[in-house]
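As structure tokens, the structure follows; a few thoughts come after it.
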DNA sequence: ATACAATTTGTAATGATTACAAATCCAGAG
DNA sequence: CTCTGGATTTGTAATCATTACAAATTGTAT
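Chains as they are written, first to last, in this note's numbering: chain A, 515 to 664; chain B, 515 to 664.
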């Protein structure tokens, strides 16, 4: 989480990434938005701040960030990739009712060991689908467009 | 696993699905192939048996099977979906060296409980990426085209 | 100011998936 | 056995995320 306006710049510098305006702005957005945004969502969100922004820049910048461990790319469901500014490995919960993606703090025994059945683990991807706590308390909830055909 | 030639037909009947020739053949292929095949792989594999097969049929049939719990659809990595004839929830391991997808038998405490942090779990998706046991024993291994740009 | 390299941008492929309508198949009625 | 309606299958044409690629822009060192 960024605590001061200069945070993004400094983070980039410590990772050896030249802190251009778009990179700082994009990084700040991913770190601040805790919604695991898609490219499209980021694009819409950032356009006011970077009027010349192109989607290609978003793709390449986020790939750069991911390769340096600044963000992680989520493949929850097929369809669009999502980006998580909290790069440490953790699980997610996708609510089929409201579409929210919730961070989970689950201990994974296999992950701690670093291997399963002799296979060396480098990345962990775990998520659950279901109905989140909030949506369970409502009898009638609206189904997001994205999931309505499921 | 199908033990006799009539297995596929009977499985379909018990699920209330009309056992057409293509459905039986497709189901048999998914149950027998333990490689978590993609649509493309299944298409190539099935063409000799179903010369008129179209990809649309594969997509719709596999979606039908998935909706009835006969197979599960894997979203490992973005890119192509994969289909698993072993429908019971389980984890997978994707080897970055040889590209193999290996079934794992891992106990998931959260899954057993049926909920996490109050969110009701309906589906579990868990997979690891790394280097499988076999590939670790070889110093030099070939990187599959699919993953070579990673 | 100048030139070079990195970065950003826009446009055009690529490739998986879906939409849709025509063709085909199949079971039941007559 | 033939006919008919609905389900299934098929082929073609969209759709949509992502990638490739080259031109435009930026920033920096000289």
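Ideal Cβ positions, reconstructed from N, Cα and C, are used throughout, including at glycine.
Since the model is a prediction, treat every value here as computed from it, not as a measurement.
Secondary structure remark: continuous beta strand (DSSP E) runs of at least 3 residues inside the stretch 593-655 of chain B, in chain order: 596-598, 605-609, 615-618 and 633-645. Annotation: Cβ neighbours of residue 589 of chain B in chain A (cutoff 9 Å, chain order): 589, 590, 591, 592 and 593. Residues of chain B whose Cβ lies closer than 8 Å to the Cβ of residue 637 of chain A are, in chain order, 642, 643 and 644. Taking a C-beta distance under 8 Å as the contact criterion, residue 620 of chain B and residue 596 of chain B do not qualify as a contact pair.
Taking the Cα positions, residue 590 of chain B is about 26 Å away from residue 538 of chain B.
For the C-beta of residue 547 of chain B, not a single chain A residue is nearer than 7 Å; the gap to the nearest is close to 20 Å.
Taken atom to atom, the span from the alpha-carbon of residue 557 of chain A to that of residue 529 of chain B is near 44 Å. With a cut-off of 8 Å on Cβ pairs, the stretch 635-649 of chain A is not in contact with the stretch 531-550 of chain B, counting fewer than three such pairs.
The bridge partners DSSP lists for residue 587 of chain A are A:597.
C-alpha of residue 573 of chain A to C-alpha of residue 599 of chain A: approximately 15 Å in a straight line. At a cut-off of 8 Å between beta-carbon atoms, residue 576 of chain B makes no contact with chain A. For the pair residue 588 of chain B and residue 606 of chain B, the CB atoms are nearer than the 8 Å cut-off.
Distances from the alpha-carbon of residue 626 of chain A to those of A:636, A:618 and A:569 put A:636 closest. Residue pairing by DSSP places residue 552 of chain A opposite A:596 in a beta bridge. Here the alpha carbon of residue 581 of chain B sits roughly 43 Å from the alpha carbon of residue 565 of chain A. Comparing alpha carbon positions, the residue from B:553, B:640, B:522 and B:638 closest to residue 594 of chain B is B:553.
Shown here for residue 601 of chain B: same chain residues with a beta carbon closer than 7 Å to its own, the five before and five after excluded, namely 583, 584, 585 and 586 in chain order. Residue 601 of chain A has a beta carbon lying at 8 Å or more from every beta carbon in chain B.
Contact annotation, residue 642 of chain A with residue 630 of chain B: C-beta distance approximately 6 Å; criterion of less than 8 Å satisfied.
Nothing from the stretch 548-574 of chain A brings a Cβ to less than 8 Å from some Cβ of chain B. Within chain B, no C-beta atom comes nearer than 8 Å to that of residue 579 of chain A; the closest sits roughly 15 Å away. When the beta-carbon positions are compared, residue 618 of chain B and residue 604 of chain B come within less than 8 Å of each other. For the 8 Å CB-CB criterion, residue 522 of chain B and residue 542 of chain B form a contact. Counting along the chain, residue 521 of chain A sits inside the alpha helix (DSSP H) bounded by residues 521-528.
Counting along the chain, the unbroken alpha helix (DSSP H) around residue 569 of chain A starts and ends at 569-581.
The Cβ atoms of residue 567 of chain B and residue 560 of chain B lie closer than 8 Å to each other.
Think of a sphere of 8 Å around the beta carbon of residue 616 of chain A: the chain B residues whose beta carbon falls inside it are 631 and 633, in chain order. Here DSSP, grouped into helix, strand and coil, assigns residue 561 of chain A to coil. Nearest to residue 632 of chain A by C-alpha distance, out of B:546, B:609, B:544 and B:563, is B:609.
Residues of chain A whose Cβ lies closer than 9 Å to the Cβ of residue 522 of chain B do not exist, since the nearest Cβ in that chain is about 26 Å away. Residue 540 of chain B carries a helical assignment under DSSP once its states are collapsed to helix, strand and coil.
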